[in-house]
Amino acid sequence: MALDSNAKNAPEHVAIIMDGNGRWAQSRGKPRLFGHHAGARRVREVVEACPDLGVKYLTIFAFSTENWKRTQVEVAGLMSLFRRYITKEARALKDEGVRVRFIGDRVRLDHKLQSLMDELEQLTETNDRVHLTIALNYGGRDEVARATKRLAQDVAAGQVDPETVDGETLARYLDTHVLPDPDLVIRTSGEARISNFLLWQSAYAEYEFIDTMWPDFSRDVFAKVIAGYCKRDRRYGGVKV
Ligand code: IPE
Ligand code: IPE
Ligand code: MG
């Protein structure tokens with residue numbers, strides 16, 4: 285399928301819940317981690333497709349605050365995959381003009397992973413071709429709670445007048461404070477739920493739930509979802525004139 289780089293109503297910010305790695309592996313008689321590795325290999329193709337599709341910001345859900353409930357083997361395997369992924373992909377991301385940011389609570393992640401994340405953010409901080417945000421130990425409710433805590437501390441310290449607090453104030457305390465709100469949220473694997481992803485930011489996002497498992501999410505599948513989005517009519521509570 286041809287990619288339409290001129291789509292004037294392309295989504296500026298696409299967020300993806302990369303789901304279905306485990307089932308993809310199990311349907312092939314393989315362990316779940318095999319699916320996570322296949323899923324990680326898909327990310328580069330999707331990031332590289334963004335400029336052609338008119339997508340400036342891509343945010344991907346890699347690990348949720350609830351995913352710690354999984355077996356120790358799976359959690360340890362995922363953490364090791366994240367460390368390996370950052371180490372292996374850093375140079376290519378830098379060279380391809382990708383600016384990488386992480387959102388989520390880093391405190392619970394191991395120190396080695398935290399420093400790799402900091403280094404990758406620094407390495408790519410002058411890039412501007414695509415803005416890739418990786419949600420790692422991220423939960424929407426956790427993010428709002430952490431933001432509220434810091435806002436309350438600033439109110440207590442006399443730095444913020446509580447009378448002035450509105451939605452924009454709170455948004456400035458979120459992990460995503462430098463990002464626009466997502467225009468389109470895609471979830472793979474056939475599940476139709478948001479699982480605590482970007483709760484505040486997706487208030488007016490369009491949603492697309494597709495059956496494809498994440499390791500099968502190709503550039504063509506991505507392009508088709510974007511083409512579908514471009515036909516939608518967003519009204520933000522108003523009336524189309
Ligand atoms: C998504 O795939 C990746 C993570 C949550 C880390 P899953 O691991 O949830 O795969 P399924 O949903 O069990 O197939
Ligand atoms: C959401 O997928 C989290 C990520 C994709 C990282 P899950 O597989 O964890 O979500 P549930 O458990 O099906 O809601
Ligand atoms: Mg899942």
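In this text, residue positions in the sequence shown follow my numbering: the first is 285, and each later residue adds one. Yeah, the Cβ is synthetic: ideal placement off N, Cα and C, and Gly gets one too.
L482 sits buried, since 16 or more C-beta atoms from the chains shown fall within 10 Å of its C-beta.
Relative to ligand 1, the nearest heavy atom lies less than 7 Å away from the CB of M302. Around the CB of H297, 16 or more other CB atoms lie within 10 Å, so the residue is classed as buried. Between the beta-carbon of T453 and that of L435 there is about 7 Å, and that keeps the pair under the 8 Å contact cut. With fewer than 16 neighbouring CB atoms inside 10 Å of its own CB, V391 falls in the exposed class. A Cβ-Cβ separation of about 12 Å leaves L458 out of contact with T417 under the 8 Å criterion. Shown here, F386 sits in a strand according to DSSP, grouped into three states.
Under the criterion of beta carbons closer than 8 Å, S311 and S479 do not qualify as touching, at roughly 21 Å. In the DSSP assignment, N305 falls within the unbroken alpha helix (DSSP H) covering N305 to Q310.
When only Cα atoms are considered, G323 and D445 end up about 46 Å apart.
As the crow flies, the alpha-carbon of D465 is around 15 Å from that of R519. Judged by the Cβ position, G306 qualifies as a neighbour of ligand 1 at the 7 Å threshold, a heavy atom of the ligand being closer than this. DSSP places V462 in no beta strand (DSSP E); its state is neither H nor E. Contact check for T408 against K378 passes: the beta carbons are separated by less than 8 Å. If you draw a straight line from the Cα of D394 to the Cα of R316, it is about 22 Å long. Spatial neighbours of K396 in its own chain (CB-CB distance under 8 Å, excluding positions within 5 residues in sequence) are listed in chain order as R367.
G424 is positioned such that its CB atom lies closer than 8 Å to that of W484. For F493, the secondary structure class from DSSP, reduced to helix, strand or coil, is strand. Closest in C-alpha terms to P499, from the list K292, H321, P295 and A294, comes H321.
For Y422, the three-state secondary structure derived from DSSP is strand. Contact annotation, M302 with I370: C-beta distance approximately 16 Å; criterion of less than 8 Å not satisfied.
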